[in-house]
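For reference, the structure discussed in these notes is given below.
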Amino acid sequence: MSDRHNPEKIAGRHFATKLLHFGAEIDEQTGASSAPIYQASTFHQADIMNPPHHDYSRSGNPTREALENYIALLEGGTRGFAFASGMAAISTAFMLLSAGDHVIVTEDVYGGTYRLLTAVLTRFNIETTFVDMTDFDQVKDAIKPNTKAVFMETPSNPTLKITDIARVTGWAKDNGLLTMLDNTFMTPYHQRPFELGVDIVLHSATKFLSGHSDVLAGLAVTNDEALGRRLYQLQNGLGAVLSAHESWLLMRGMKTLQARMEHSERSARRLAEWLSEHPEVTQVFYPGLADHPGRDIHEKQSKGYGAVVSFDVGSGEKAASLLSRVQLPLVAVSLGAVESILSYPAKMSHAAMPREVRYERGITDGLVRYSVGLEAIEDLINDLDAALRG
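For the sequence shown, our numbering assigns the number 2 to the initial residue and increments by one for each residue that follows.
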């Protein structure tokens, strides 16, 4: 094995280097400067008594495998899995549970996850308790005899509440519970869940990992070989896998992750501070602000604050006015792209939540979510100021 493909040597490099030199960045056979796209559904088996490593692309594709090894390397896990969307990854992970099981979940979780838990998994007799995970007592009090797992999202979407990951995973391990964490907002650049005791790390790779609003993808990573085998059985059995072409596109986007995250986070911090002083804004949610109640915990478990800022303008009418006036950000579902995206959770990411449930979680009709892209922050602020002032 050459040093270029030596897993131990690769694992010891800095994150920025691993983004570009991850073991599949050069094709061994041709020297091509990117992993080939194996646009094949099936593979010839020269010796039927000794099946090859790849036989059918649902079960494994060389391009997808390169991506899966890539995300496992970045997260510091043992095995990665690529899915057709973030919800496909999350849904497959929840299939590790069985009928009669109970799971404890962050209360202001992404709306798609909420919909899965309340409208789909209930049909399979899988029970959920949503709790405010900023209050550890609520997490402990939610346990039942049939509890099997804890699902965390930190920072949460869209109110950016912070869960003490190590505290929850320590308690979960003492109680024999599986822990899963949605790391979409922070990415492995900012937050390292396995180092804090998490069992499964999940991503909507559509967002920051891809970074270009041109890929729909989900990723899961395990840090235990036995758990990895169980998740692979589900991935293969359910079949919601990522295509070879989108796997290649995602790898291309991931190469610039650190550069994009650093730029966007610097701008997000400035935007959050500016919004905190704006007369048309009633509340700002961003873990980098000095008055954020979870800032100390977040700084203990993450190396940055991220590129998403949520803020409340006071009413649905004011939010609608703002969304109709901005010129630079896309007004759209999603986040984490090179271009800024302004979203309205009540009608977009959290439309599946009943209004009273949203309000209980602080997701009001006046709340908007700003994913800061790579534009000049001065232009973004000027644009937002004009839209806020009408």
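From the three backbone atoms N, C-alpha and C, an ideal C-beta is built for every residue, glycine too.
For residue i, count the other beta carbons within 10 Å of its own beta carbon; 16 or more makes it buried, fewer makes it exposed. Which is it?
i: P346; result: buried
i: H299; result: buried
i: H191; result: buried
i: T51; result: Before going further, note that residue 51 is Asn rather than Thr in the sequence given. So N51 counts as exposed.
i: D165; result: buried
i: F131; result: buried
i: F195; result: buried
i: Y360; result: exposed
i: P53; result: exposed
i: I49; result: exposed
i: G374; result: buried
i: P355; result: exposed
i: S42; result: exposed
i: E69; result: buried
i: G32; result: exposed
i: Q236; result: buried
i: L20; result: buried
i: N449; result: Nothing about residue 449 can be read from this structure; the chain reaches only from 2 to 391.
i: Q46; result: exposed
i: P146; result: exposed
i: R65; result: buried
Give me whichever residues DSSP pairs with residue i in a beta bridge.
i: Q192; result: S303
i: F312; result: V285 and V369
i: M153; result: L182
i: I201; result: M181 and T223
i: Y57; result: T43
i: L343; result: V332 and Y371
i: V242; result: F84
i: T114; result: Its beta-bridge partners do not exist; DSSP assigns none.
i: T31; result: Beta-bridge pairing links T31 to no other residue.
Could you give the residue range of the alpha helix (DSSP H) that holds residue i?
i: M252; result: A245 to M255
i: D183; result: Careful: D183 lies outside any alpha helix (DSSP H), inside the beta strand (DSSP E) at L179 to D183.
i: L385; result: I378 to R390
i: R370; result: Here R370 belongs to no alpha helix (DSSP H); instead the beta strand (DSSP E) covers L368 to S372.
i: S322; result: G317 to R326
i: T135; result: Premise fails: T135 is in no alpha helix (DSSP H) and is neither H nor E.
i: A67; result: P63 to E76
i: V121; result: From DSSP, V121 is part of no alpha helix (DSSP H); its letter is neither H nor E.
i: V358; result: R356 to E361
Taking the CB atoms as reference points, tell me whether residue i and residue j lie closer together than 9 Å.
i: V222; j: E76; result: yes
i: A241; j: A120; result: no
i: D215; j: I91; result: no
i: G219; j: L239; result: no
i: M134; j: K162; result: yes
i: A85; j: W249; result: no
i: S265; j: A308; result: yes
i: Q302; j: L197; result: yes
i: R270; j: G289; result: yes
i: L336; j: S372; result: yes
i: S341; j: R370; result: no
i: F152; j: L74; result: no
i: A150; j: L97; result: yes
i: L389; j: E281; result: yes
i: T180; j: L203; result: no
i: L276; j: L381; result: no
i: S350; j: Y71; result: no
i: T148; j: H213; result: no
i: V310; j: A273; result: yes
i: P159; j: I364; result: yes
i: F137; j: R168; result: yes
i: D200; j: E154; result: no
i: A83; j: L232; result: no
i: R80; j: E226; result: yes
i: T114; j: T123; result: no
For residue i, does the three-state DSSP call read helix, strand or coil?
i: S277; result: helix
i: E128; result: strand
i: T148; result: strand
i: P8; result: helix
i: R168; result: helix
i: G13; result: coil
i: H213; result: coil
i: D393; result: The first residue shown for the chain is 2 and the last is 391, placing residue 393 beyond what the model contains.
i: S268; result: helix
i: F95; result: helix
i: D48; result: coil
i: N237; result: helix
i: K348; result: coil
i: L232; result: helix
Looking at the unbroken beta strand (DSSP E) that takes in residue i, where does it start and where does it end?
i: T107; result: H103 to T107
i: R80; result: R80 to F84
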